[in-house]
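Down below is the structure, laid out as structure tokens.
Chains as they are written, first to last, in the UniProt record's numbering: chain A, 1 to 306; chain B, 1 to 367; chain C, 1 to 368.
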């Protein structure tokens, strides 16, 4: 491969990791918080789509993308809260209710979003981190949306918070051993509900990224399952926020692979290249999981890994 | 082991008596979902009564509407089995869409490999191929879970995405009929191979096949030894291991059976509807099957009813669009509401079961 | 297989020649219900919108009622939706707007011989397909050729980009026409194609546009269902763009050179009036710029002056019916001759509707 080809590919992958990976980052951080508390929320897909629609709609109606972002987060918070509350009822299966929420969120977003497919809403601003570089391609790859650094900061914050703060420890205790948490006097249900609600807010922001940053437009085909894939990402990030960051970037880069390869002339098998992120996730899961043995870091109360 | 068997058998025997109690939460759930949907419509300035009347008319209001609903229900019963059978072993499999696609492709490729086959051999062969490939695909998710500890929900979804990519790659590549111009497809089936409608109905044979598969699954789960063993695995896997049940084989077998059902759904889509394998197979039947299975509480007989209901909701959307100008997503909203409500009211089911237990312990103590 | 294709190519030609419908004649204002089905949302800034807008215009005609349904998947759902329109609304003419609906229309048509099924993009074959099924399509490749001329004048890097869904004849014909238009300006120009694999893939379309821009491409266009994402991404990257399906100039006012648009209104009005008056049903309707089936977006400030003159010149020839895009000698991008010297394929030639090659100057391949 010539140098030009390598640099084109590198730019595509690095730029793509950030562009395509950021929504995965937010949703997987949200799922990470939720699962640390011992619940699974497959409904993040529905929340993501709803966040994308409501964020776009509010940005358009108010003229401020930040209001849109807030609205998406609030929407996510409410839907997460709903999941948290309902799943606290006895006998309600959190995985199944998540699928229900996915359906409901997608349906509501499609229904209410009809009027917002056409208009152009104001977009969240981008930061030019590469303004000192002469190559316009690198400049563009490093012209990073404001949400990405926020996501990185949040994953650092969560990394620290889950390890060394009281609420973080409480959350982990609730997720790891319900009985002990109860014995120590922690309100298990409340902690889980809060964790699920906060997780929902993260997913809402992830959705707003899709509609307000990249690709930056609301349409019914906007999400290609980013919300569900986040559940897989959290497993292979081993429930570590920094792992989520790495996993999301890797996944984003893999997602950028298909178009990037075609642009350098490798044109056959694009359906397979486009599926690279899924193959990668599966391969990593196969390599890292062990039969009849939970992974290190798995919250003990998680229905997903029992 | 015998204690366990006895207890389980008693529970099963009592089941018909408590049917009304089991149906109550379902009814309440549907009612509350309809109430919420009505409020939602009111907020959109649409008369809920008119909308519900139209929905009923579109789904079950005439023989045409019935045919419409049943036709849509045909693949849903089979893709629902793809969720319900593994669920009996305690698995949540959501990868039916990929199994359906690959099953359809396998069925379609029969026309490529043996185009001169007689109908009597061709259709069963297509169904068989569909079942085999679909079954293997989901069984693989089961193997990954049992042998490598990969979560089956995520594993089956990833496999489904990969299956769809493979499907597209082959349909648009190696298996593409060069004459399928603007819609890449496999070679069309000979006209005589096409599966037609059942006599007197405008519903293709896939419906009868799906319903029969559900009944068979129910009989299998209820009356056969492996079916019983599967329920034990789903109830408590540690107990199942303790009593020496071949857990891995049972789980993987259930996955295979489920995947086979989804694969057959794909085969019928090819043989009765599309006439070749093409991207139209990927229209969400696999995902809708998840809804049906959960709404049916993983009971194969209830799957038939729920599939017809979900098919009916799909059929009703047409009138809502044409008469009230509602977006197509209206039916998606209703489906979501019904599903979410069903699960939420499950909590009530628990309460009811407790009351029932208390009642029965107050009364006859002869058990 | 090839034999099969030749047979229907031969049968179709005569139908195409006789295809055009009587225009303008105002029929008696008989009550007529028209149904329309779309494969996606009807306001997608693209393919479905182009149809829905034209159907909306029909509502203004006297005596005509329209019923519509969007997001109809290409399964039994189409057959049932069409049947419901016939049974419940009394529809007598149905616009079946997605290519994948064709087989379903053919299947249903014999059951309702009095209903006219007008399908977009299919190849109706006399003797094989029912007489109450018809097919219409527009030669939008003419507009893509003109898009190519605009791109050829605007490009500095001599690299153009084309984001496409799938390598099917309708798409390949557009890519080829676009490239040939650009190379008529400067034969050094090349077009890089990226296939996204499906008709609506917003993230992948954006990513494809970005990788094209990274590669130095400075004009892009597309053939996907909704070009909104491509146009907006191009605007963000500062890359010139040519529109497709509908007018997207408001999305990138400073970079939108021009665009290839459908004008289904012409076709739909003709079909509606014919059905209303009982005039015979046209089974094969085709038309290009000169028939008003397609049109160009208005020039913007971004359209180079030289491009305007060049486009106007070629367009005048096309309108006069004196311009052929596909004529020999023409080589594909593997060096194989696809149209021998001396042969000219006129627009109505059905061979063009089964195009399976990319012409010289296109970087990409037709395999999956």
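Even glycine gets a Cβ: it sits at the ideal position worked out from N, Cα and C. Please read all numbers here as calculations on a predicted model, not as lab measurements.
Chain-ordered neighbours of residue i on chain B, where CB pairs are closer than 9 Å
| i | result |
| --- | --- |
| residue 75 of chain C | 72, 75, 269, 273, 274, 280, 281, 283 and 285 |
Bridge partner(s) assigned by DSSP for residue i
| i | result |
| --- | --- |
| residue 145 of chain A | A/126 |
| residue 100 of chain C | Answer is none; residue 100 of chain C lacks a bridge partner. |
| residue 424 of chain C | Missing from the structure shown is residue 424 of chain C; chain C here goes from 1 to 368 and no further. |
| residue 245 of chain C | C/261 |
| residue 344 of chain C | C/327 |
| residue 103 of chain A | Answer is none; residue 103 of chain A lacks a bridge partner. |
| residue 136 of chain C | C/120 and C/285 |
| residue 256 of chain C | C/241 |
From the options, residue whose alpha carbon lies closest to that of residue i
| i | options | result |
| --- | --- | --- |
| residue 326 of chain C | C/219, C/98, C/172 and C/268 | C/172 |
| residue 233 of chain A | A/28, A/16 and A/3 | A/28 |
| residue 207 of chain A | A/105, A/91, A/157 and A/279 | A/105 |
| residue 20 of chain A | A/275, A/276 and A/253 | A/253 |
| residue 75 of chain A | A/203, A/286, A/279 and A/167 | A/203 |
| residue 116 of chain B | B/190, B/358, B/210 and B/135 | B/190 |
| residue 170 of chain B | B/138, B/23, B/199 and B/112 | B/112 |
| residue 224 of chain A | A/31, A/52, A/14 and A/118 | A/52 |
| residue 128 of chain B | B/106, B/252, B/145 and B/82 | B/106 |
| residue 47 of chain A | A/132, A/109, A/239 and A/240 | A/109 |
| residue 66 of chain B | B/312, B/344 and B/331 | B/312 |
| residue 14 of chain A | A/143, A/302 and A/167 | A/143 |
Under 7 Å by beta carbon: chain B residues contacting residue i
| i | result |
| --- | --- |
| residue 71 of chain C | 328 |
| residue 106 of chain A | 332 |
Neighbour flag for residue i against chain A, beta carbons, 7 Å
| i | result |
| --- | --- |
| residue 195 of chain C | yes |
| residue 355 of chain C | no |
| residue 168 of chain B | yes |
| residue 358 of chain C | no |
| residue 347 of chain B | yes |
| residue 148 of chain B | yes |
Neighbour list for residue i in chain C, Cβ cutoff strictly below 9 Å
| i | result |
| --- | --- |
| residue 8 of chain A | 211, 214, 215 and 216 |
7 Å Cβ cutoff, residue i in contact with chain B
| i | result |
| --- | --- |
| residue 232 of chain A | yes |
| residue 32 of chain A | no |
| residue 323 of chain C | no |
| residue 78 of chain A | no |
| residue 114 of chain A | yes |
| residue 168 of chain C | yes |
| residue 338 of chain C | no |
| residue 27 of chain C | Only weak support is given to the placement of residue 27 of chain C: the predicted model assigns it a pLDDT of 44, under 50, and the value that follows is read from those uncertain coordinates. Not one chain B Cβ lies under 7 Å of residue 27 of chain C. |
Amino acids of chain A, ordered along the chain, whose beta-carbon sits closer than 8 Å to that of residue i
| i | result |
| --- | --- |
| residue 233 of chain C | 215 and 216 |
| residue 44 of chain C | 117 and 219 |
7 Å Cβ cut-off: residues of chain A touching residue i
| i | result |
| --- | --- |
| residue 192 of chain C | 263 |
Interface partners of residue i on chain B, CB under 8 Å
| i | result |
| --- | --- |
| residue 205 of chain C | What residue 205 of chain C touches in chain B: nothing, since even the nearest Cβ is about 17 Å away. |
| residue 171 of chain A | Neighbours of residue 171 of chain A on chain B: none; closest Cβ ~21 Å, over 8 Å. |
beta-carbon residue i near the ligand MN non-hydrogen atom, thresh 6 Å
| i | result |
| --- | --- |
| residue 115 of chain C | In the structure on display, the ligand MN does not appear, and there are no ligands present to speak of. |
Chain C within 7 Å of residue i, Cβ atoms only
| i | result |
| --- | --- |
| residue 173 of chain B | yes |
| residue 93 of chain A | no |
| residue 121 of chain A | no |
| residue 271 of chain A | yes |
Closer than 7 Å at the beta carbon, the chain C residues around residue i
| i | result |
| --- | --- |
| residue 259 of chain A | 194, 204, 207, 208 and 211 |
Are the region 176-196 of chain C and the region 126-137 of chain C in contact at 8 Å, needing three or more beta carbon pairs? no
Below 8 Å, can you find three or more Cβ-Cβ pairs linking the region 240-251 of chain A to the region 263-276 of chain A? No, the region 240-251 of chain A is not in contact with the region 263-276 of chain A.
Using 8 Å as the cut-off, can you tell me whether the region 159-178 of chain A makes contact with the region 31-48 of chain A, which would need three or more C-beta pairs spanning the two stretches below that distance? yes
Evaluate contact between the region 67-74 of chain B and the region 90-107 of chain B, counting only Cβ atoms and requiring at least three cross-stretch pairs below 8 Å. no
Between the region 308-328 of chain C and the region 65-74 of chain C, do three or more beta carbon pairs fall short of 8 Å? Contact between the region 308-328 of chain C and the region 65-74 of chain C is absent, because fewer than three Cβ pairs lie under 8 Å.
If you pair each beta-carbon of the region 207-218 of chain A with each one of the region 215-224 of chain C, do three or more pairs fall below 8 Å? Because the criterion of three Cβ pairs below 8 Å is not met, the region 207-218 of chain A and the region 215-224 of chain C do not touch.
Assess, as a yes-or-no matter, whether the region 266-280 of chain B is touched by the region 182-202 of chain B under the definition of 3 or more beta carbon pairs within less than 8 Å. By the criterion of at least three beta-carbon pairs nearer than 8 Å, the region 182-202 of chain B is in contact with the region 266-280 of chain B.
Does the region 40-58 of chain C come close enough to the region 79-86 of chain C that 3 or more CB-CB pairs lie under 8 Å? Touching, no.
Sufficient close CB pairs (3 or more, under 8 Å) joining the region 83-103 of chain A to the region 112-127 of chain A: no
At least three beta-carbon pairs within less than 8 Å, the region 42-62 of chain A to the region 179-189 of chain A: no
If you pair each beta-carbon of the region 134-149 of chain C with each one of the region 283-303 of chain C, do three or more pairs fall below 8 Å? yes
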